[in-house]
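Residue numbers (the numbering used here), protein chains in the order written: chain Y, 1 to 132; chain A, 1001 to 1132; chain G, 2001 to 2132; chain H, 3001 to 3132; chain F, 4001 to 4132; chain S, 5001 to 5132. C-beta atoms are modelled at their ideal positions from N, C-alpha and C, and glycine is treated no differently. Bear in mind the structure is a predicted one, so any value in this text is a computation, not a measurement. Since the structure comes first, as structure tokens, the remarks are kept for the end.
6 protein chains.
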Amino acid sequence: MFEVTVCDHMMVAHSLRGVVFGPAQALHGATYVVEAAFARDGLDDDGIVLDIGRASEALHAVLSDLTYRNLDEVEFLAGTNTTTEVLARAIADRLAGRIADGSLGVGSGDLARIRVTLRESPVAWASYERAP
Amino acid sequence: MFEVTVCDHMMVAHSLRGVVFGPAQALHGATYVVEAAFARDGLDDDGIVLDIGRASEALHAVLSDLTYRNLDEVEFLAGTNTTTEVLARAIADRLAGRIADGSLGVGSGDLARIRVTLRESPVAWASYERAP
Amino acid sequence: MFEVTVCDHMMVAHSLRGVVFGPAQALHGATYVVEAAFARDGLDDDGIVLDIGRASEALHAVLSDLTYRNLDEVEFLAGTNTTTEVLARAIADRLAGRIADGSLGVGSGDLARIRVTLRESPVAWASYERAP
Amino acid sequence: MFEVTVCDHMMVAHSLRGVVFGPAQALHGATYVVEAAFARDGLDDDGIVLDIGRASEALHAVLSDLTYRNLDEVEFLAGTNTTTEVLARAIADRLAGRIADGSLGVGSGDLARIRVTLRESPVAWASYERAP
Amino acid sequence: MFEVTVCDHMMVAHSLRGVVFGPAQALHGATYVVEAAFARDGLDDDGIVLDIGRASEALHAVLSDLTYRNLDEVEFLAGTNTTTEVLARAIADRLAGRIADGSLGVGSGDLARIRVTLRESPVAWASYERAP
Amino acid sequence: MFEVTVCDHMMVAHSLRGVVFGPAQALHGATYVVEAAFARDGLDDDGIVLDIGRASEALHAVLSDLTYRNLDEVEFLAGTNTTTEVLARAIADRLAGRIADGSLGVGSGDLARIRVTLRESPVAWASYERAP
């Protein structure tokens, strides 16, 4: 099994709903370092899992809808609690959509797994993995 | 599958028994950067794997029994060779105990996997994973 | 010359005023990894620049007034543009105040320099240094 | 499951064949930080997955055939496109060979998995995992 | 004194002339992680040392002339030994040129110092600092 | 001004004398990641500050006298409190001795500064700088 990972980051504000979040219920923010990993059983004729340039662009495009924003006001996240876990899933789902529409130049059927990791601080991070 | 990781560290002395360890048979020490990862198939009603604050506290409590000590004299490690692998398992087992007793606010049945990684230097680390 | 550095982090929301900031004029956020460095010509009788435990506590206390908040509403920052540079200075000034009031157990006259660095992403950081 | 990882690096020149590689079709180079991970269900009598010293030496020996070279002229890579994925597999295969010949002091049958990760920049890396 | 740093990277091939370089006399390569730091006594009216966006673009533009190339064939480096130190100076000099021509929106007279650091591996790096 | 840095690590046990050290008065240990930086106004005829290979060997040799040991029993440290600051100075002094005896192939008069940094955990480090 091969896996290729590309990395980018976003800087957002948000607040979390639920007493479990303590002080993070107030409006605050985070720099999320975001890693997107794409796994595949074999390699294509060029010897790669996928075009790393297109993967980087896809990740950057997905994060462009979020960075420098207050996530409490982002429409496609409305009604969700934007925890690190939920954001990891939202980003993975959007990347899966871009794979499905051909943007990454590799078919969903070629890949075995997508995993998105969000690092919110040096001491805490979360990831979500799904079929492509 | 979701996974949340929290990170802390401990500074300990110890010696290892066995010719395979060469100079590490002498009393020496290490800063272990310790990552504890908790995996879960879905999220709870707050949109999280578990309360990251309680997970951090649990990890810190487990490490508090070890840090600033000579592991050769720690009772619950007596009779073991405190390799990085063995320490990863000991810490994972103690975290599993804290999950079982309710300290983390999430049941053992809710989680799919615990993994503990100990980084002993920039060029060597070990991990242990188990059912919760 | 000796220098001791302690490190912590904070997670904040804020917005910046001025066209130069482009999209960062909108409310967004950041995880700032904060390093506080204390320089001294010689060492005290214990062989240290200062008590690293007290330095860590002082830095944590200073960051506690900022973390999990919207900096646009923090009173002592009112009227300032909370750029990374301005925040580095604000934190350094507050640490200098704590040195002056004896909280760190070392006198201002003993130290040669304070430097505070804020890392806002893997590709950008800023620092401010001043006399203690 | 236990896993032990050792880390080293190599500095190489190479060029890639295929329009998908864009500017990387020209002769350029990379520092690859290389992590080799060895997984095992249980521990041996010394409480380890394998001798970390021998694992480090084996990885260093494998990288010694590549570092400070132009990979376009390395015989055992002839006819391959030396992408990060292909290099990860080549290194993993060579490590598997060294396990099979007894160099690491642990049998192939004892291990559950080998995984080699090559970090080519702060924002891109690839890994390959196989049976030992 | 304030200092702002931006970071990028480049992937190059090159060879070094001189017996002191041992195996690095052969054509090989490196990923250089490049940090460019700009120091200034005070802040401008926006509360910044300089526009971090323009600084990042300037650094990226300077590195664009080098990345994915064989430095042995780069015209403006002809006749130099492209050691890490020499490359740090070349990049700093080019950044100083862009400050002088107004590309960064800050005058040479406003800045106190430029420092460029090139990290060639996890265990070796070099920097060069000069007046702007 | 140029500066070249090489990096290595050591794993030691020790105890500290003085109530200020709290739990660190007990025998414990640390992995110290050690950076040795050498500054020089200009470059030699090869375009370098010094031979990075010899600098790495010198640092490794100095650390070899300390790693895998209990510093409380190291003769040349007897009577000192082996704080991070004191260890940074001891290592810098030993490197200065090796420069003076010609081991690094560069004269003391050629260099402007030596600085040794010891990272004891992700959140604390200390450095010492001196004339060569």
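In this structure, the CA atom of residue 2003 (chain G) is about 25 Å from the CA atom of residue 121 (chain Y).
Below the 8 Å Cβ cutoff, chain Y contributes 53 as neighbours of residue 3022 (chain H), in chain order.
Contact note: residue 2031 (chain G) reaches chain Y through 30, 31, 120, 121, using a C-beta cutoff of 7 Å and chain order. The beta carbon of residue 4066 (chain F) lies closer than 7 Å to those of 4010, 4012, 4074 in the same chain, with the five residues before and after it left out. In terms of Cβ geometry, residue 1116 (chain A) and residue 1091 (chain A) form a close pair [threshold 8 Å].
With a threshold of 8 Å between beta carbons, residue 3027 (chain H) makes contact with chain F. Residue contact check for residue 4034 (chain F) against chain S: no CB pair falls below 8 Å.
For the 8 Å CB-CB criterion, residue 2132 (chain G) and residue 2108 (chain G) form a contact. Spanning the alpha carbons of residue 2080 (chain G) and residue 4006 (chain F) requires a straight line of approximately 23 Å. Annotation: the region 1021-1072 of chain A contains the following complete segments of the beta strand (DSSP E) (minimum length 3 residues), in chain order: 1028-1040. Excluding sequence positions up to five before and after residue 1059 (chain A), its CB lies within less than 6 Å of the CB of 1006, 1008, 1036, all in the same chain and listed in chain order.
Identification of chain F residues near residue 3069 (chain H) by a Cβ-Cβ cut-off of 9 Å yields 4023, 4026, 4027, 4028, ordered along the chain. Distances from the CA of residue 126 (chain Y) to each of Y:111, Y:30, Y:83 were compared; the closest alpha carbon is that of Y:83. For residue 4085 (chain F), the enclosing alpha helix (DSSP H) stretches over residues 4084-4100. Residue 3047 (chain H) counts as buried, since no fewer than 16 other beta carbons sit within 10 angstroms of its beta carbon.
Collapsing the DSSP output to three states places residue 4077 (chain F) in a helix. For residue 5008 (chain S), the enclosing beta strand (DSSP E) has its first and last residue at 5002-5014.
Using a Cβ-Cβ cut-off of 7 Å, residue 3013 (chain H) is close to 4013, 4027, 4028, 4029 of chain F, given in chain order. In the three-state DSSP reduction, residue 127 (chain Y) falls in the strand class (E or B). Taken through DSSP and simplified to helix, strand or coil, residue 103 (chain Y) comes out as coil.
Distance from the CA of residue 3021 (chain H) to the CA of residue 5044 (chain S), rounded to the nearest whole angstrom, comes to 38 Å. It is roughly 49 Å from the alpha-carbon of residue 4078 (chain F) to the alpha-carbon of residue 5076 (chain S). Look at residue 1124 (chain A): its C-beta is under 8 Å from a C-beta on chain H. The beta carbon of residue 1070 (chain A) sits closer than 7 Å to those of 1013, 1014, all from its chain and outside the five residues before and after it, given in chain order. With distances taken between CA atoms, residue 3118 (chain H) lies nearest to H:3085 out of H:3042, H:3085, H:3055, H:3026. Closest in alpha carbon position to residue 4068 (chain F), among H:3016, H:3095, H:3026, is H:3026. Shortest Cα-Cα distance from residue 5018 (chain S) to any of G:2088, G:2024, G:2130, G:2050 involves G:2050.
In this structure, residue 3112 (chain H) lies away from residue 4031 (chain F), with their beta-carbon atoms at least 8 Å apart. Within the DSSP bridge table, the entry for residue 3108 (chain H) names no partner.
In chain order, 2016 place their CB closer than 7 Å to the CB of residue 2024 (chain G), counting only its own chain and leaving out the 5 sequence neighbours on each side. Nearest CB-CB separation between residue 3063 (chain H) and chain A: not below the 8 Å threshold. CA-to-CA, the gap between residue 5106 (chain S) and residue 5096 (chain S) works out to about 11 Å.
In this structure, the CA atom of residue 5114 (chain S) is about 13 Å from the CA atom of residue 5034 (chain S). Take the alpha-carbon of residue 124 (chain Y) and the one of residue 1038 (chain A): they are about 12 Å apart. As a beta-bridge residue in DSSP terms, residue 1116 (chain A) pairs with A:1036, A:1128. Here residue 1052 (chain A) has 1004, 1006 as same chain residues with Cβ atoms under 7 Å from its own Cβ, once five neighbours each way along the sequence are excluded.
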